[in-house]
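Numbering (the numbering used here), first residue to last: 137 to 698.
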C-alpha cells in the first residue's frame with residue numbers, strides 16, 4: 137500500500153522528478169515528508185538537497201521552542217484583550233499559567249520531545265482553559281498517543297456518546313479520499329433530509345468539538361483530519377483489536393457508509409464518481425465479499441458512467457478505476473467476476489487518448505469504432521457475456537451521438553485499432569518515420585527520434601507529447617539514450633554529431649563532434665560518468681559526461697556500429 141500512486145510521498149517524488157518545469161535559482165521549496173525510502177532514494181538520484189530531521193535534534197528543538205513561544209505570545213495577547221465578564225474565568229485560568237510562560241515553555245518543550253503535534257494540542261488546551269496550571273501541565277502524559285487518550289477521555293467521557301455520534305463521523309472522514317463538505321458528511325451519516333436543528337446537533341456540534349483534530353476550511357466546505365498521527369492512533373491495529381479500548385475507529389465502517397451513500401445520495405454524486413470504485417474495492421478487500429466489487433464492476437461498461445467520468449475527470453480516471461477493479465479481483469481470486477469487458481473498455485479508452493486530448497466529444501465514435509469487432513460478434517450470435525456488455529455499451533454510445541445530432545455516420549468495419557489487441561497506445565507527432573526509441577530508466581517517459589529531425593518526449597500514461605527538441609539542420613535522429621538519472625538525453629543524428637539535451641533546462645547543453653559519418657547508436661554507462669557512441673564510420677567513441685570530451689576511439693569494427 138505504501139506504493140499507491142496517490143500517496144503524498146509519491147506525489148512529492150513526481151513533482152521533483154518532473155523535468156519539464158525547471159526551478160528558478162531563487163526559488164527554494166521546503167517540503168516535509170515521513171522518511172519513506174522512495175523519497176530519500178529520489179533525493180539522492182536527482183541531487184536534491186535534503187535533511188533527515190531527528191525529532192530530538194538541537195535544530196528541531198529550537199524550531200519547537202520558537203513555535204511554542206509564538207503561540208504563547210498570541211494566547212497571552214488574546215487573554216489581555218478580553219474584558220468580557222462572560223470570559224472572566226477562562227481569562228483568569230489562562231493568566232495563571234501564562235504568568236509563568238518561561239516555565240511553561242521549558243516544560244512543554246521537554247514533554248513534547250520534538251513533537252510539534254503534541255505541543256499544538258497542549259497549547260489548544262491552554263487557550264481553551266482546559267490546562268490552566270503548571271500542575272496540569274506536568275501531569276500530562278509524555279507520549280502523543282497517551283495524550284490523545286487523555287484528551288478524549290476528558291472531552292468524550294461518555295463512551296456511548298462516542299460510539300453513537302463521534303465514532304461514525306470520524307470513520308467517514310478517515311475513509312474519505314478527499315476532504316468532505318458538511319453536506320456530504322450529513323448525507324453519508326443519514327441526515328440529508330434532516331432538519332437544521334438535527335444536523336446541528338448530530339453533525340455540526342460533534343465537528344466543532346473535534347476542532348483540535350480536524351482541519352475545517354471555508355465554513356465547512358473542506359473537512360479532513362488535521363494530522364496523520366491522529367489517524368494512526370484511531371486505526372492502530374492492536375488498539376482496534378482490543379475490546380477494552382474505547383476510543384478507536386473501524387475504517388471498514390467508513391468505507392461501507394461511503395459505498396452505501398454512493399447509490400442513494402445526490403450530494404455524493406460528484407464524490408462517488410471520483411472515488412466510488414476505490415471505496416468498493418477497499419471494502420471488498422477488507423470483508424472478502426466480492427459482491428461489492430460485482431456491483432461496482434457494472435459501472436465500468438455503463439455508457440452514462442463512462443461519459444460522466446471522461447467529461448468531468450478525464451479519460452485517465454476511467455483507466456484508473458478499471459485498474460483498481462482488476463487489481464482487487466486478482467487479490468480476491470474473484471475469477472467468477474466479469475473482467476473481460478472491463479479490460480476491453482480500458483483498452484478502448486487508452487487507444488482513444490490522443491483523440492480525446494484534442495476533443496472529448498470524440499468519446500462515442502472512438503469507443504464505437506474500437507469495440508466494433510466484439511459488437512459484430514455478439515450480433516452474429518458469437519461470444520459471451522462480455523461481448524453482450526460491450527454490445528450494449530456500443531449501442532448506447534451510438535444512440536448518444538444520434539440524440540445529440542453530432543453525427544449520423546458511424547463505422548461498420550473495424551478500421552480503427554481494435555480494443556484488446558496487442559497495441560496498447562498510438563503516439564502521434566512525428567512527421568516522418570520513427571528511427572529510434574528509448575524508455576527512461578524509471579519507465580515514466582519515452583523518447584523517440586525521427587526522420588523529421590526531432591526528438592519527442594512522451595508521457596506513456598497520459599499518451600501525451602510533453603517535449604520536443606529539434607535539430608537545427610533537421611537531419612534524421614537515429615539514436616536516443618537516457619542518462620541513468622533521467623535528467624539528460626543523448627541523441628545521435630545524420631549530421632555525424634551527438635547532442636546532449638537537459639530536460640530540466642528544456643534545451644541542448646552540448647554538441648559532441650568527432651564521427652565522420654552518421655551516428656547510429658548511443659549508450660550511457662551505468663554510473664552516468666561516460667557515454668559511448670557508434671557510427672556508420674565503423675568507430676566507437678567514448679566520452680566523459682563531465683566535460684563531454686572524447687577520451688577513447690575504438691576502431692576494430694570493419695562495418696557500421698549499430
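C-beta: ideal position from N, C-alpha, C; glycine also.
On a predicted model such as this, the values are computed, not experimentally measured, just so you know.
query, result
"Beta-carbon proximity of residue 86 to residue 345, cut-off 9 angstroms", "Any question about residue 86 goes unanswered here, given that the chain covers just 137 to 698."
"Chain-order list of residues whose beta-carbon lies under 6 angstroms from that of residue 693 (same chain, five-residue window excluded)", "674"
"Every unbroken beta strand (DSSP E) within the stretch 332-397, with a cutoff of 3 residues, ordered by chain", "350-353, 358-361"
"Environment of residue 204 [buried if 16+ CB atoms lie within 10 Å]", "buried"
"Nonlocal neighbours in the same chain, by C-beta distance under 8 angstroms from residue 664, ignoring five residues either side", "619, 620, 621, 681"
"Same chain, Cβ closer than 6 angstroms to residue 652, neighbours up to 5 away in sequence not counted", "673"
"Terminal residues of the beta strand (DSSP E) in which residue 635 lies", "633-638"
"Own chain residues within Cβ distance below 6 angstroms of residue 445, not counting five before or after", "453, 454"
"Bounding residues of the beta strand (DSSP E) (the contiguous stretch that carries residue 321)", "It is not in any beta strand (DSSP E) - residue 321 instead sits in the alpha helix (DSSP H) that spans 318-324."
"Residue 582 vs residue 593 beta-carbon contact at 9 angstroms", "yes"
"Local Cβ density within 10 Å of residue 189, reported as buried at 16 or more and exposed below that", "exposed"
"Status (buried if at least 16 other CB within 10 Å, exposed otherwise) for residue 559", "exposed"
"DSSP three-state assignment for residue 614, whether helix, strand or coil", "strand"
"Cβ pair count under 8 angstroms reaching 3, the stretch 258-272 against the stretch 196-216", "yes"
"Spatial distance of residue 676 from residue 691 (CA atoms)", "7 angstroms"
"Which of helix, strand or coil DSSP assigns to residue 605", "strand"
"Spatial distance of residue 405 from residue 312 (CA atoms)", "14 angstroms"
"6 angstroms CB neighbourhood of residue 590 in its chain, flanking five on each side removed", "604, 606"
"C-beta contact flag for residue 671 and residue 648 at 9 angstroms", "no"
"Cβ-based neighbour list, residue 403, same chain, cut-off 7 angstroms, excluding 5 preceding and 5 following", "319, 320, 323, 328"
"Integer Cβ distance of residue 382 from residue 309, believed to fall under 8 angstroms", "Residue 382 to residue 309, Cβ: 19 angstroms. No contact."
"Exposure label - residue 548; buried when at least 16 CB within 10 Å", "exposed"
"C-beta contact flag for residue 304 and residue 351 at 9 angstroms", "no"
"Start-to-end residues for the alpha helix (DSSP H) that takes in residue 309", "303-311"
"Helix, strand or coil at residue 245 according to DSSP, with G and I counted as helix", "helix"
"Selection from 433, 254, 641, 564 that minimises the alpha carbon distance to residue 585", "564"
"Of the listed residues 617, 630, 629, nearest to residue 639 (C-alpha basis)", "617"
"Closest by C-alpha distance to residue 703, when choosing among 613, 490, 513", "The first residue shown for the chain is 137 and the last is 698, placing residue 703 beyond what the model contains."
"Cβ-Cβ distance between residue 130 and residue 678 below 9 angstroms", "The shown model of the chain, from 137 to 698, leaves out residue 130, and the question about it has no answer."
"Sequence-distant residues of its chain with Cβ nearer than 8 angstroms to residue 468 (five each side left out)", "420, 421, 424, 426, 429"
"Residue 499 and residue 480 closer than 9 angstroms at C-beta", "no"
"Residue 440, DSSP secondary structure in three states", "helix"
"Straight-line gap, residue 578 to residue 623 (C-alpha atoms, nearest Å)", "11 angstroms"
"Where residue 413 falls, given that 16 or more other Cβ within 10 Å makes a residue buried", "buried"
"C-beta atoms of residue 654 and residue 686 nearer than 9 angstroms", "no"
"Pairwise C-alpha distance: residue 462 and residue 139", "In this prediction, residue 139 scores a pLDDT of 43, lower than 50, which makes its location untrustworthy; no coordinate-derived value is stated."
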